[in-house]
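Colleague: I'd like to ask some things about the structure below.
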Amino acid sequence: MKTLKNLKLQYRIIIFTLTLILFIIILTSFLFFFILTKSVEQELGERALYVATTVATMPEIRNAFHTDEPWKIIQPEAEKIRIETGAEYIVVGNKEGIRYSHPLPERIGKKMVGGDNDKALIYGESYISKAKGSLGWALRGKAPIKNEHNQIIGIVSVGFLMKDINETVKEYGSLIILIALAGLIIGVVGSIYIANRIKNVMFGLEPEEISALYTVRNAVIQSVREGIIVVNKEGIIVIVNRVAYDILSLEKGKVVGKPVWEVIPTTAMLEILSTGEEKLDKQVEFNGKKLIVNQLPVKVKEDVIGIVSSFRLKSEMDQLTEELSQVKRYTEALRAQTHEFNNLLYTISGLLQLEAYDEAMELIHKETTVQQGIAKFIMEKLNDPWLGGILVGFYNRARELKVDFILDQESSIEQMPSHIDQSDLVSILGNLITNAFEAVAKNDPTNKKVRLFITDIGDDLLIEVEDSGPGIEDHMISSIFKRGFSTKEGGNRGYGLARVKELVEDLNGTLAIERGDWEGALFIIAIPKERLE
């Protein structure tokens, strides 16, 4: 059998709720019975005292004490009043406690029992008492009878039997029990409804599962490389991850709980809270940093209950864009090489089928000579396989584009400086050569030329990329290194040269632009071979 701890939350809520309701009903019922009993006793006690006081002051009752047979006058009067008031008995006795009236006539003349007459007979007090008389336990009201000289001459005792009081309480008790059962049934239905409602609100998850999800959520939020800020429907910040603190230069531990407009005055989150519309890939500036921001409303049905804002530095996004562009260029270079060799193979295959063996051999020899020439030049002059592989790819790409790609014969690399990362060098060369290819794309086929010169002679690694394109106007030189600026049509442009400039500056190098011998652009880069601290 499952223990309470192992039960599902829904059943635990039902059990706890029913236990609480049952406890409250039982406690309330006992209190009601207690209060009801006391109220009935108090009401009947006051009624008994009132009747006793009234009878004690009746002239016919007092005058009867001066006769020889007072019971003959008192008994009929007492019985008449008893019947009218609903009392169980009205007993009138003299100063010695001898009865002058009783519901059972045979007990007239006998001494009153109960032992609670002294306060009336001795001290002249009127009071309520509970004692056992000849008819059983009763709630009694007692009053002294006084003559015209204010002397105590007798006593009146009016009683209501306790068994009758208890029967009256039981009658009300049946109604209380019915109300309690109705309350219990309502409690059962209500607890089941509440349990199901809570289950639905919690998406059917158990507390342990919610705790695990909460832990995972925090781990995910803190592990992502994007800054994340979450606000509730009042615009109060409830979550800030580590990256957000770093990117926005916020003081850790003192942001959560503050209104978002105090922390980020330029935020658009308040607008989203009112409109419920998401904002994607928006560029904003905060503390001098350019950010790419996504802001999405969190909705329950149609109500906005919060906003999730994620962001990264625009420079990081630009770098990713550039890296993707590099991958695309490498893919295109490989595709060009594949295409070139496929064409060559088709040609050789055709020549062989035509039995033009001499022509086939000549073509193979010519192509082999070209490829071997490039490979020999790279192996002899550029002592870096990584760099050689890239240049072979660009050489094949140039052949596909009908561009004369010239590797300057004076180029030479003894040893690539260790502090220059291969990927950074690929990015620099890739961007410059690709831009050069694009610059000569519209030229006459006989004037599509791109030259690369690279050497490590001296203290610097020197790179020159020259093209025969239209060149760069003087007034544009200051703008071409800005992110997003491009002289070409199409999207996702304007990042290459900006990335080149960043990489060169990171390596403590210099970048210059001149007009080359072919009247096109000439990019000259010098990077120190020794890292400058």
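Quick note on numbering: UniProt numbering labels position 216 of the sequence shown as 216, and the sequence is numbered without any gaps. Glycine included, every Cβ here is placed at the ideal spot set by N, Cα and C. Keep in mind it's a predicted model, so treat the numbers as computed, not measured.
#1: For the beta strand (DSSP E) that R140 lies in, which residues bound it at each end?
#2: Out of L507, S478 and I472, state which residue places its alpha-carbon closest to the alpha-carbon of E514.
#3: For Q422, does the three-state DSSP call read helix, strand or coil?
#4: Buried or exposed, going by whether 16 or more other CB atoms sit within 10 Å of the CB of P144?
#5: So if DSSP puts F65 in a beta bridge, which residue, or which two residues, is it bridged to?
#6: In whole angstroms, what separates the C-alpha of L20 from that of G97?
#7: Tell me where the alpha helix (DSSP H) around Y245 begins and ends.
#8: Leaving out the 5 sequence neighbours to the left and right, which residues in its chain are closer than 6 Å to N94 when beta-carbon positions are compared?
#9: Measuring CA to CA, which of I83, L7, S423 and K448 is closest to E208?
#10: Would the beta-carbon of K100 fall within 8 Å of that of I74?
#11: For T17 versus I221, is the C-beta distance shorter than 8 Å?
#12: Should G490 be labelled buried (16 or more other beta-carbon atoms within 10 Å of its own) or exposed?
#13: The beta strand (DSSP E) with E208 in it runs from where to where?
#14: Which partner residues does E514 have in the DSSP bridge list?
#15: So what does DSSP say about K130, is it helix, strand or coil?
#16: Let me know if L511 comes out buried or exposed under the rule of 16 or more other beta-carbons within 10 Å of its beta-carbon.
#17: Short of 7 Å in beta carbon distance, which residues of its chain neighbour F32, apart from the five on each side in sequence? Order them along the chain.
#18: Taking one C-beta from the region 450-457 and one from the region 405-413 each time, how about it: are there three or more such pairs within less than 8 Å?
#19: Return the bridge partner residues of R451 from the DSSP annotation.
#20: According to the Cβ coordinates, are E464 and I524 closer than 8 Å?
#21: Excluding the five sequence neighbours on either side, which residues of its own chain have a C-beta within less than 8 Å of the C-beta of I13, listed in chain order?
#22: Can you tell which of A64, K402, I61 and P103 has the C-alpha that lies nearest to the C-alpha of E79?
#23: Specify whether the region 376-392 and the region 421-429 touch according to this definition: at least 3 beta carbon pairs, one from each stretch, less than 8 Å apart.
#24: Given a threshold of 16 other Cβ atoms within 10 Å of its Cβ, counted over all protein chains shown, does Q295 qualify as buried or as exposed?
#25: What's the call for E88, buried or exposed, on a 16-neighbour Cβ count within 10 Å?
#26: Of all the options L345, V255 and I247, which has the alpha carbon lying nearest to the alpha carbon of S315?
#27: Compare the C-alpha of P297 against each of A48, I307 and L291 and name the closest.
#28: Which partner residues of G227 appear in the DSSP bridge assignment?
#29: Rounding to the nearest angstrom, what Cα-Cα distance links T37 and I24 in this structure?
#30: Where does N492 land, buried or exposed, given buried means 16+ other C-beta within 10 angstroms?
#31: Quick one: grab the DSSP three-state call for L280.
#32: Going by CA-CA distance only, name the one from V263, S418 and K142 that's closest to T54.
#33: Relative to the C-alpha of N150, which candidate in A56, L461 and D460 has its C-alpha closest?
#34: Between which residues of its own chain and F481 is the CB-CB distance below 6 Å, once the five residues before and five after are set aside?
#35: In the DSSP assignment, the alpha helix (DSSP H) including V500 goes from what residue to what residue?
Modeller: Reading off the structure:
#1: G136 to K146
#2: I472
#3: helix
#4: buried
#5: DSSP output for F65 lists no bridge partner at all.
#6: 55 Å
#7: R242 to L248
#8: G154
#9: L7
#10: Note on identity: in this sequence residue 100 is Tyr, with Lys being the wrong assignment. Yes, the Cβ-Cβ distance between Y100 and I74 is below 8 Å.
#11: no
#12: With a pLDDT of 49 at G490, under the threshold of 50, the modelled position of that residue is not reliable, and the figure given next carries that caveat. G490 should be labelled exposed.
#13: Counting along the chain, E208 falls outside any beta strand (DSSP E), though it belongs to the alpha helix (DSSP H) covering P207 to S223.
#14: L522
#15: strand
#16: buried
#17: I176
#18: yes
#19: I406 and E466
#20: yes
#21: S191, I194, A195 and I198
#22: P103
#23: yes
#24: buried
#25: buried
#26: I247
#27: I307
#28: F311
#29: 20 Å
#30: Because the pLDDT at N492 is just 48, under 50, the model does not fix this residue reliably, and the value given afterwards should be weighed accordingly. So N492 counts as exposed.
#31: strand
#32: K142
#33: A56
#34: L497, A498 and K501
#35: G496 to D506
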